[in-house]
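Beneath this line is the structure, given in structure tokens, with notes to follow.
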Ligand code: GDP
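See below:
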């Protein structure tokens with residue numbers, strides 16, 4: 001089995017305020033993507049208000065970090081149960097998750113919620129105990145709580161052997177040791193943990209294309225954008241493809257624009273292959289869950305749950 005050793009796709013999950021955004025910002029910064037002294041106008045993952053206004057579910061953000069010749073794609077996840085369907089969809093796009101837990105607060109309701117989703121998808125979490133700089137930090141007790149939670153949530157043996165890093169995202173420091181005085185002045189242990197423990201995507205680029213839309217985005221210039229993963233095969237700008245709709249009907253279209261991710265930006269790309277997370281435009285009525293395939297090999301991906309079931313009151 002060939003692997004895309006050059007790529008890691010992960011989701012970052014946490015209870016609100018435990019430091020996901022700060023951690024991703026710091027990982028970006030230390031990978032050199034924010035130039036020295038460059039003012040960062042917008043934090044990596046916090047423009048949810050605009051999205052709510054637009055009424056489009058693009059709460060997940062893709063950040064791509066280049067580290068030691070590897071591309072690490074990090075998808076943010078909403079922690080709230082209202083977005084259960086979205087969390088699940090994101091988990092299907094990735095091969096691993098980073099669970100961030102506050103070194104003082106420990107596990108919280110949303111920690112349980114998002115961890116449960118990750119374990120259900122058979123993902124092996126890496127744990128980052130964050131805010132180790134706090135006076136009241138109690139990292140070892142928090143790791144016991146995390147382990148307890150894994151057990152309560154029926155984690156399998158492999159999942160129970162989660163690696164742990166201790167960090168102060170705000171200071172940009174990390175270590176594999178829980179003692180605050182052992183923090184190293186960079187986050188290298190976290191990057192290395194990702195490369196070591198998160199499986200590289202399977203490289204089945206020679207098989208027929210399957211790209212599945214996990215999230216929708218919109219921009220005035222190109223219109224509707226489907227964000228998702230190339231699960232197998234290859235896709236190129238200009239290619240004639242079919243879109244298998246959720247109702248089973250098929251629409252043919254031509255790929256007009258594709259985007260990859262770099263840091264927080266999207267860049268136009270010409271080509272992508274199995275394992276890549278990309279954004280596609282060119283078809284106005286593309287929807288979450290739909291599959292893009294070659295015209296002569298129309299095989300849909302398994303159905304993705306789109307919305308939480310709503311209770312019908314009578
Ligand atoms: P998110 O909701 O998980 O994205 O959390 P944020 O990254 O927005 O962080 C929530 C709050 O915790 C902010 O006020 C951060 O400045 C603070 N914070 C994040 N990381 C650390 C840390 O390592 N140490 C301390 N003391 N505070 C932190």
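In full-length UniProt numbering, the protein residues as written are 1 to 314. Just so you know, even glycine gets a beta-carbon here, dropped at the ideal spot from N, CA and C. All values derive from a computational prediction rather than experimental measurement.
Quick one: what does DSSP say residue i is sitting in, helix, strand or coil?
i: residue 244; result: strand
i: residue 113; result: helix
i: residue 142; result: helix
i: residue 311; result: In this prediction, residue 311 scores a pLDDT of 40, lower than 50, which makes its location untrustworthy; the coordinate-derived value is nonetheless stated afterwards. Residue 311 falls in the coil class under three-state DSSP.
i: residue 273; result: strand
i: residue 23; result: helix
i: residue 257; result: strand
i: residue 119; result: helix
i: residue 129; result: strand
i: residue 88; result: helix
i: residue 28; result: helix
i: residue 39; result: At residue 39 the pLDDT is 44, less than 50, meaning the model places this residue with poor confidence and gives no usable figure here.
In chain order, what residues of the same chain have a beta carbon less than 7 Å from the beta carbon of residue i, not counting five sequence neighbours either side?
i: residue 259; result: 266, 267, 268, 269, 278, 279
i: residue 26; result: 169, 172, 187
i: residue 204; result: 232, 274
i: residue 139; result: 103, 129, 132, 166, 178
i: residue 1; result: 202
i: residue 136; result: 104
i: residue 309; result: With a pLDDT of 44 at residue 309, under the threshold of 50, the predicted position of this residue should be treated as unreliable, though the coordinate-derived value follows. Nothing listed; no residue qualifies.
i: residue 66; result: 31
i: residue 164; result: 127, 129, 143
i: residue 296; result: none
i: residue 286; result: 213, 224, 226, 243
i: residue 189; result: 165, 174, 175, 176
Nearest by alpha-carbon distance to residue i: which of the options is it?
i: residue 235; options: 206, 251, 214; result: 206
i: residue 17; options: 111, 298, 292, 32; result: 111
i: residue 261; options: 63, 13, 184, 282; result: 63
i: residue 238; options: 227, 226, 255; result: 255
i: residue 8; options: 304, 200, 251; result: 200
i: residue 251; options: 290, 76, 271, 126; result: 290
i: residue 257; options: 248, 215, 282; result: 282
i: residue 71; options: 28, 122, 243; result: 28
i: residue 13; options: 192, 80, 181; result: 80
i: residue 145; options: 75, 227, 68, 100; result: 100
i: residue 74; options: 191, 105, 68, 248; result: 191
i: residue 242; options: 148, 93, 209; result: 209
i: residue 221; options: 297, 284, 302; result: 284
i: residue 6; options: 23, 68, 24, 19; result: 68
i: residue 19; options: 4, 3, 76; result: 76
i: residue 302; options: 246, 176, 150, 125; result: 246
i: residue 162; options: 184, 123, 185; result: 123
i: residue 253; options: 175, 294, 271, 160; result: 294
i: residue 181; options: 149, 141, 158, 134; result: 134
i: residue 292; options: 264, 271, 240, 263; result: 240
i: residue 298; options: 249, 149, 141; result: 249
i: residue 106; options: 264, 149, 194, 159; result: 149
Here's a check: name, in chain order, each residue in its chain whose Cβ is nearer than 6 Å to the Cβ of residue i, leaving out the five neighbours to either side.
i: residue 198; result: 8, 10, 95, 96
i: residue 108; result: 15
i: residue 89; result: 214, 304
i: residue 155; result: 119
i: residue 93; result: 214, 229
i: residue 193; result: 126, 163, 165
Is residue i close to chain C, meaning its C-beta is less than 9 Å from at least one C-beta of that chain?
i: residue 299; result: Among the chains of the structure shown, chain C does not appear; only one protein chain is present.
Does the distance between the C-beta of residue i and the nearest non-hydrogen atom of the ligand GTP fall short of 8 Å?
i: residue 165; result: Among the ligands in the structure shown, the ligand GTP does not appear; only the ligand GDP can be found there.
Within its chain, find whatever has a CB closer than 8 Å to the CB of residue i; leave out the 5 residues flanking it on each side and keep chain order.
i: residue 185; result: 172, 173
i: residue 3; result: 199, 200, 201, 202, 203
i: residue 141; result: 106
For review: beta carbons within less than 6 Å of any heavy atom in the ligand GDP
Residues with a Cβ closer than 6 Å to any heavy atom of the ligand GDP, in chain order: 14, 16, 17, 18, 19, 20, 21, 22, 130, 131, 133, 134, 168, 169, 170.
Unbroken alpha helix (DSSP H) runs of length 4 or more, entirely within the region 131-209: which are they?
The region 131-209 is shown to contain whole alpha helix (DSSP H) runs of 4 or more residues at 139-152, 157-160, 188-197, in chain order.
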